[in-house]
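Worksheet: one structure, shown below.
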Amino acid sequence: MNIEEMTSKMKKYLRDRATEPELKHKAELACEILRLKKEKNAVILAHNYMSPDLYYSVADYTGDSLELSRKAAGTDCEVIVFCGVEFMAETAKILSPDKTVLIPAEKAGCSLAAGITAEDVRQLKARHPGVPVVTYINTYAEVKAECDVCCTSGNAAKVVEALDSDTVIFLPDEYLGRNVARRSRKQIIFPPRVERSRTEPPTRDGNMIVWDARCEVHEQFTPADIARVRADYPDVVVLAHPECSPEVVDASDFAGSTSAMIRYVEETTASRYLLLTESAMGENVAAAFPDKEILPLCRIRCPHMALITLENTRDALKYNRYIVEVPEDIRKRAARAVERMLTIG
Ligand code: SF4
């Protein structure tokens with residue numbers, strides 16, 4: 001693809017969000033990335049929260065973190081560039097140990113992944129011997145390595161139900177856990193942070209002990225936001241990610257993972273939609289479905305996802321940086337938790 005073709009592709013997806021000189025600059029970068037990608041036998045994965053300029057120009061695959069890692073594992077490329085945050089790139093490395101995995105921004109973290117350590121999990125297991133531990137995929141490899149099985153926002157309830165135990169430890173997302181608990185027959189234990197519990201009593205919700213890690217984006221949405229939008233647009237269909245609070249999920253019309261939200265918009269014919277998730281995804285969905293109205297309201301950008309740009313994606317390929325490493329003993333144990341989830345579905 002030459003620069004003129006890339007510029008017109010960018011124009012289609014970015015519409016009035018970039019000036020002509022900006023479009024040309026982005027198109028030049030994208031063309032350089034495509035050239036480097038071919039040269040290095042690389043595959044580029046872009047999470048649904050990447051900005052439209054990157055998402056629609058250079059990605060071989062787009063989707064949620066697990067879908068992307070599985071696709072990358074199935075390719076014969078030598079290099080994976082993961083345009084997403086660190087735990088996602090680690091998951092790609094867990095599933096593709098023989099490939100070089102690069103992340104364009106070394107410090108692209110996540111408030112959920114940072115919310116729990118491997119030592120926290122070890123102490124929880126000591127406190128609740130024999131109780132299976134389910135971890136949301138949004139954790140670092142060393143945490144996954146301590147857990148029995150992973151889950152995503154799309155299959156969390158199914159994974160919890162599949163375990164042969166009445167009691168389950170679910171970590172680290174308080175809101176996803178509470179949303180799952182309401183659909184589960186199991187007693188679910190949300191563990192308190194071990195250090196914090198010395199000074200603060202654990203939060204109790206019925207018979208559950210609630211861990212308090214949250215996504216710093218999704219925790220910001222409130223039922224009042226939804227009420228305000230519904231007052232102005234009574235026919236709006238509200239979609240919420242299950243990392244939102246149960247109160248927000250209750251006030252919404254649909255709750256599901258990023259991929260489920262995209263499918264929902266694709267398969268339904270509402271007058272307009274409100275997506276309560278990271279703001280770049282709203283822009284990507286609006287660009288993908290130009291005949292559908294996606295309200296540009298309640299938009300919050302994840303500061304970690306925002307660190308990934310066309311510039312540093314180009315530099316990742318050009319300078320072979322930043323290489324994601326997972327120690328082999330941790331990788332093997334983390335892979336068991338991921339693979340167990342994959343067999344559950
Ligand atoms: S959107 Fe939330 S869960 Fe996703 S990377 Fe950002 S902080 Fe983490």
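Quick note: the sequence shown uses UniProt numbering, first residue 1, plus one each step.
Ideal placement from N, C-alpha and C gives every residue a C-beta, glycine not left out.
Quick caveat: nothing in here was measured; it's all calculated off a predicted structure.
For residue i, which of the options has the nearest alpha-carbon?
i           : options               : result
residue 303 : 28, 111, 139 and 34   : 111
residue 251 : 258, 297, 257 and 239 : 239
residue 242 : 231, 217 and 229      : 217
residue 330 : 276, 97, 184 and 37   : 97
residue 219 : 286, 227 and 278      : 278
residue 324 : 310, 259 and 108      : 108
residue 229 : 275, 184, 213 and 266 : 275
Suppose the cutoff is 8 Å on Cβ atoms and the five residues either side in sequence are ignored; what does the same chain contact list for residue i look like?
i          : result
residue 77 : 41, 42, 43 and 99
Could you spell out where the beta strand (DSSP E) holding residue i opens and where it closes?
i           : result
residue 42  : 42-47
residue 307 : First-last for residue 307: undefined, no H or E at that position.
residue 62  : 61-63
residue 83  : 79-83
residue 100 : 100-102
residue 29  : Note, residue 29: premise wrong, no beta strand (DSSP E); alpha helix (DSSP H) at 20-39.
residue 239 : 236-240
Tell me which same chain residues have a C-beta within less than 7 Å of the C-beta of residue i, skipping the five on either side of it?
i           : result
residue 233 : 272 and 295
residue 150 : 135, 137, 144, 337, 338 and 341
residue 198 : Its pLDDT being 37, under 50, residue 198 is placed unreliably in this model, and the value from its coordinates should be taken loosely. Contacts found: none.
residue 49  : 278, 280, 281, 302 and 305
Ordered along the chain, which non-local residues of its own chain (more than five positions away) have a Cβ less than 6 Å from that of residue i?
i           : result
residue 245 : 175
residue 92  : 69, 72, 80, 82 and 101
residue 333 : 145
residue 335 : 94
residue 293 : 272
residue 284 : 52 and 55
residue 61  : 45, 68 and 71
residue 13  : 52, 56 and 287
Which residues does DSSP pair with residue i in a beta bridge?
i           : result
residue 278 : 300
residue 135 : 150 and 171
Nearer than 7 Å: is that true of the beta carbon of residue i relative to any heavy atom of the ligand SF4?
i           : result
residue 357 : Because the chain here runs from 1 to 345, residue 357 falls outside it and cannot be looked at.
residue 138 : yes
residue 311 : no
residue 266 : no
residue 350 : Coverage of the chain is limited to positions 1 through 345, which leaves residue 350 absent and any answer about it impossible.
residue 55  : no
residue 67  : no
Can you name the start and end residues of the alpha helix (DSSP H) that residue i belongs to?
i           : result
residue 13  : 3-14
residue 91  : 86-95
residue 249 : 246-251
residue 229 : 223-232
Counting contacts by CB-CB distance shorter than 8 Å, is residue i in contact with chain D?
i         : result
residue 7 : Absent from the structure is chain D; it holds one protein chain and no more.
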